Amino acid sequence: MTALEPGAGEFERRTTSDDIADALRDAIARGDFADGEELNQVTLARHFGVSRVPVREALRQLQAEGLISAKAHMRAVVTALTVERVAEVLDLRIRVESYLLGRAAPRIGRTELAELRALCDEMEQVDDHEQWLTLNKTFHGRIYAHSGAELALDMSRQLTARVQRYLHIGRTDGVHRNEEANAEHRRILEALAAGDAGRACAELEAHIGRTRARIVELLEQRRTDDVPTHGTRV
């Protein structure tokens, strides 16, 4: 079953260009489309039950975000990120999200801390990796929402969207160890509760840095495995 076949996962029918962009963005993030896979306008329009106009606008949005690439009058394909580009995006995430956390820290009070603790509790009870990723996104988003830095928030969302699909490889490749990440979330939360923004940022940078190291290591290994040896692809 492909992402565009009826009943394929959570890929639901949408109507407006924004709705279609959201659906495609989520599908790419889940890994429903492979790197380099074509997003055909006619097929998408038929799937969503719309004309090609909103599909075309949705694809333009995704292209602006770097999720797909397309030359003039050429087919749109899911952007395949190199190991170096993935590392670059995650390095930028560290800087942008540390900035957001530093801005948000003084504005997080008891009520917000209680909400964040509840999210940590929930993440520690979840076994499903996809559900955990959703909660993880909510946890970080709740914190950054208090930053009041709209431009940096937009940058963070775009950077996350570019590499989100690589977090999903944890389902089979063990890139993301939920137990360790849960402990890292607790340390960030403890620093926030203590009013220590500097320590919270340091914990966050280490948290994203460890994810970066695992993903880069895995992608490097995959690239090595794809290198022909004596004329044979391993």
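Residues in the sequence shown are numbered from 5 upward in steps of one, following the working numbering.
Cβ atoms here follow ideal geometry from the backbone N, Cα and C, with glycine treated the same way.
Being a predicted model, the structure only gives us computed values, none of them experimental.
Boundaries of the beta strand (DSSP E) around A80: 80 to 82. Of all alpha-carbon atoms in A84, S55, S73, the one lying nearest the alpha-carbon of G35 is that of A84. Around the beta carbon of S55, fewer than 16 other beta carbons lie within 10 angstroms, which makes this residue exposed.
Remark: C-beta atoms of E101 and S21 do not approach each other more closely than 7 Å. With the rule of 3 Cβ pairs closer than 8 Å, the region 145 to 159 counts as touching the region 103 to 110.
In this structure R97 touches T164 by the C-beta definition: roughly 7 Å separates them, less than 8 Å. DSSP places L43 within a strand segment (E or B) once states are collapsed to three. Taking the Cα of Y170 as reference, the smallest distance to any Cα among A91, Q135, L117, I192 is reached at A91. Secondary structure note for H150: it is in no alpha helix (DSSP H), with a DSSP letter that is neither H nor E. By the Cβ neighbour-count rule, M78 is exposed, with fewer than 16 other Cβ atoms within 10 Å of its own.
Here A33 is buried, its C-beta having at least 16 other C-beta atoms within 10 Å. Comparing alpha-carbon positions, the option among R226, D30, T215, A80 lying closest to Q45 turns out to be A80. Annotated as proximal: A25 and Q65, with beta-carbon spacing under 7 Å.
In its chain, beyond the 5 residues on either side, S21, I24, A25, L28 have a beta carbon closer than 7 Å to the beta carbon of A62. Annotation: the continuous alpha helix (DSSP H) that includes L96 extends over 87 to 108. Linking A74 to Q67 through their CA atoms gives a straight-line distance of about 7 Å. H144 is the residue among D229, H144, R114 whose C-alpha sits nearest the C-alpha of E188.
V93 sits close to V167, with the two beta carbons spaced by under 7 Å.
With fewer than 16 other Cβ atoms from the protein chains shown falling within 10 Å of its own Cβ, R227 counts as exposed.
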